[in-house]
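Counting in my numbering, the sequence shown runs from 15 upward without gaps.
We treat Cβ as the ideally placed atom computed from N, Cα and C, and that holds for glycine.
Remember, predicted model here, so these are calculated numbers, not experimental data.
Here is the structure we will look at.
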Amino acid sequence: MIKERLKELRALMKNHGINAYLLISTDPHQNEYLPPYWDRCRFISGFTGTYCRIIITDKETMMWTDGKEELKVKKDLKKTPYKYYVKELVTADLRMEIEWLAEKLPRNSVLGIDPQTVTVTQMDALKELLNNKGIKVKYTDPNLIDLLWEKRPTLSQSAIVFRDKKYEPVSAVEKIKKLQKIMKEKGTDVHVISNLESIARLLNVRGNDIEYTPLVISYLIVTLDQVLWFVNKKRIKDLEHVTANIIAFDYEDFAKILKNITEKRTVLVDTNEISQWIMNNISPSAKIVKETSPLITFKGIKTEKELKHIIHANIKDSISLIKTIHWIKNNVGKKKITEWDVAQKIVEFKKEGKVFIDLSFGSTVAYGKNAAIIHYSAQPDNSSVIKNKGMLLLDAGGNYLDGTSDITRTISVGETTKEMKESYTMVLKGHLSLGQAKFPKGTRGYHLDVLARRPIWDKGFNFYHGTGHGVGYCTCVHETSGIGISPLKVAILDEGMVLTNEPGYYKAGHYGVRIENCIYVAKNSHLTKINGKNTVLEFKELTMCPYEKTLIEKNILTKQEIEWINNYHCLVFKTLKAHIKDKKILAWLKDACATI
Ligand SMILES: [Mn+2]
């Protein structure tokens with residue numbers, strides 16, 4: 015089937031005068047997780063993972079993916095003509111892909127690209143790379159895959175939810191006014207928005223258009239006196255909500271109206287967010303102002319009231335994981351439990367939490383050597399039996415009306431080796447060192463990355479994923495605000511930001527350890543100033559789940575680290591005590607949180 019599709023695509027390429035076609039696993043909104051409607055990479059390759067880039071030439075088919083997809087890519091591409099490469103570090107540019115392409119094609123060849131799947135920033139870099147290699151670009155609109163895709167899935171038709179005041183104390187009207195004021199100050203009069211998380215947070219709307227991500231597929235154009243929302247109008251049950259000069263248009267009308275409304279206007283665009291296709295559809299008479307969207311800050315910084323909800327959502331989510339761990343510890347070795355069974359239990363316990371919507375991503379339940387595969391996901395027909403020996407890694411999160419969460423715990427399910435304990439303790443040291451950091455205002459995510467990595471580097475190891483990512487508010491588990499802790503995250507950390515702290519260590523073929531808490535940035539309560547001037551910030555814990563005491567090698571911890579662990583465990587028990595009704599679970603938790 016894949017071979018047939020490739021044959022058809024190559025015929026189309028020939029008709030369009032294209033020598034190679036580039037496919038990127040994203041959509042017109044630059045989503046990380048795609049609705050099936052836009053999963054063109056899966057259609058043309060059979061790849062079921064999330065991240066990939068594909069180049070198809072007349073003779074070859076090549077895919078690039080990242081470490082967390084290694085297992086999937088191996089399995090999915092087995093019976094296809096695809097070759098693949100697993101990247102150690104994922105970057106936004108396409109240097110590696112273009113270098114490969116330049117070796118395969120003579121100069122003056124033409125590369126076809128769907129301009130909806132690249133941001134303006136990516137396209138600028140891509141043009142330069144291609145120019146250096148003498149390769150020309152041809153935009154295809156529509157995407158060539160769409161022309162041969164029969165029985166294509168449809169987009170969500172479900173009703174759009176307008177959020178309750180309880181969760182959104184600041185109304186859409188107020189937020190829009192604030193945005194318009196900023197636009198005016200910047201001397202701009204139109205702002206074009208394609209990022210779905212920005213639209214959801216600005217308009218206080220949610221949907222279920224993408225698995226695990228309660229967003230609404232739409233575009234938004236904000237002018238100084240109007241808001242134009244391009245969305246499937248049939249999905250708005252109660253048009254009353256669409257007030258305050260918000261006018262709803264059909265999604266398909268976006269490009270046409272964009273061209274008209276931007277005529278001779280000054281347009282604010284965030285080139286890291288909007289696609290080249292949007293840029294191509296702005297009136298040529300418009301003056302373009304390229305700047306970070308003010309909505310990045312709107313999203314990234316949670317208000318005090320939002321934080322209160324987020325704290326509550328994280329308590330519920332922590333309890334669900336505690337119940338899962340308690341269930342595993344009570345049943346392992348007594349009856350047959352597979353990774354898949356645990357994944358089902360996770361959902362079951364999360365559903366007990368009030369206003370739970372769905373998981374915030376597909377849970378990872380990885381036993382033994384499977385945990386060395388980052389983001390491994392057990393399948394119903396292919397999942398390991400958990401024996402009462404070694405370690406188990408659990409990474410799961412939920413979306414609740416009052417917040418989004420993400421927790422990882424590595425637990426012991428029986429006898430463990432000294433090496434495992436040392437590895438666990440090494441990761442815990444990194445996790446504690448970052449979590450306990452006090453830093454001056456102005457510090458950026460990448461400044462702090464070394465804190466989590468140092469204890470791991472000291473042992474001659476490293477981990478190939480980010481140390482932390484921003485977490486949304488009933489939106490994306492990987493927030494699109496650019497916040498995070500990794501060498502690539504440059505955003506300045508500020509009060510009210512929610513992110514994760516998740517160092518790890520993976521020994522291929524043996525085991526994996528990751529410890530992850532959701533945290534938020536707050537003013538430090540003791541040190542108020544650095545050098546008598548700057549505000550001091552710190553992280554506060556959102557996740558309330560004990561570390562695995564049986565995996566802690568106390569003799570390689572410092573006195574301070576032991577104190578941090580004891581303080582955290584004390585806080586966990588104090589916070590959760592009133593919320594846990596089951597006496598057995600409460601007794602288990604008390605023990606798990608006892609002083610070491
Ligand atoms: Mn995470």
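Unbroken stretches of the beta strand (DSSP E), 3 residues or longer, contained in the stretch 368 to 406: 370 to 373, 378 to 381
N- and C-terminal bounds of the beta strand (DSSP E) containing Ser289: Ser289 -> no beta strand (DSSP E), and no H or E assigned at all.
Any residue whose CB is nearer than 5 Å to a heavy atom belonging to ligand 1, listed in chain order: Taking each Cβ in turn, the ones that pass are Asp420, Thr514.
Simplified DSSP assignment, three categories, for Phe475: coil
Cβ neighbours of Ile310 in the same chain (closer than 7 Å, five flanking residues each side left out): By the criterion of a C-beta distance shorter than 7 Å, Ile310 is surrounded in its chain by Ser495, Gly496, once the five residues flanking it on both sides are discounted.
Backbone secondary structure at Met27 - three-state DSSP: Helix.
Ser185 versus Arg177: straight-line alpha-carbon distance, rounded: Their backbone Cα atoms lie some 10 Å apart in a straight line.
Arg56 versus Trp114 - alpha carbon distance: 22 Å
Contact the stretch 409 to 423 vs the stretch 528 to 548: 3+ CB pairs below 8 Å: yes
Beta strand (DSSP E) runs contained entirely in the stretch 291 to 323, provided each spans 3 or more residues: 301 to 304
Three-state secondary structure assigned by DSSP to Ser495: coil
Neighbourhood of Leu551 by C-beta, 8 Å cutoff - its chain only, sequence neighbours within 5 removed: Lys452, Phe453, Pro454, Lys455, Thr457, Leu507, Asp508, Glu509, Val535, Ala536, Lys537, Asn538
The stretch 382 to 391 touching the stretch 242 to 250, judged by at least three CB pairs closer than 8 Å: no
Classification of Gly523 by the beta-carbon crowding that lies within 10 angstroms, buried from 16 upward: exposed
Touch test, the stretch 403 to 411 against the stretch 259 to 272, Cβ-Cβ under 8 Å, three pairs minimum: No, the stretch 403 to 411 does not touch the stretch 259 to 272.
N-terminal and C-terminal residue of the alpha helix (DSSP H) that Val527 is part of: Val527 -> not in any alpha helix (DSSP H); beta strand (DSSP E) instead, spanning 525 to 528.
Pro129 beta carbon less than 8 Å from that of Trp291: Between Trp291 and Pro129, the C-beta spacing is below 8 Å.
Residue environment, Ile261, which counts as buried when at least 16 other CB atoms sit within 10 Å: exposed
Leu80 - containing beta strand (DSSP E), residue span: For clarity, residue 80 is Asp in the given sequence; the question names Leu instead. Note, Asp80: beta strand (DSSP E), 75 to 80.
Simplified DSSP assignment, three categories, for Phe453: strand
Alpha-carbon to alpha-carbon, Thr564 and Asp605: 12 Å
Rounded C-alpha distance that separates Met440 from Met405: 15 Å
Cβ shell of Thr227 (< 6 Å), same chain only, five flanking positions each side left out: Tyr47, Cys490
Under 8 Å between C-beta atoms of Phe477 and Gly518: Between Phe477 and Gly518, the C-beta gap is smaller than 8 Å, which places the two residues in contact.
Burial state of Ala505, where buried means 16 or more other Cβ atoms lie within 10 Å: buried
Cβ-based neighbour list, Thr135, same chain, cut-off 8 Å, excluding 5 preceding and 5 following: Ala106, Thr285, Asn286
Other residues of its chain near Ile38: CB distance less than 7 Å, five sequence neighbours each side excluded: Arg67, Thr131, Val132
Assigned secondary structure, Ser447 (DSSP; H/G/I helix, E/B strand, else coil): helix
Buried versus exposed, by CB contacts within 10 Å (16 or more), Trp6: Beyond the ends of the chain as shown, which are 15 and 610, falls residue 6; an answer cannot be given.
Backbone CA spacing between Ile70 and Tyr35 [nearest angstrom]: 5 Å
Separation of Ile333 from Ala601, as counted between CA atoms: Ala601 and Ile333 have their alpha carbons spaced roughly 14 Å apart.
For Glu552: DSSP bridge partner residues: Lys452, Ala536
Beta-carbon contacts of Lys521 that lie in its chain and below 8 Å, excluding the five residues immediately before and after: Ala386, Ser437
Close-in-space but distant-in-sequence residues of the same chain around Gln450 (CB under 7 Å, 5 per side omitted): Trp578
Inter-residue spacing [alpha-carbon to alpha-carbon] between Asp239 and Ile196: 13 Å
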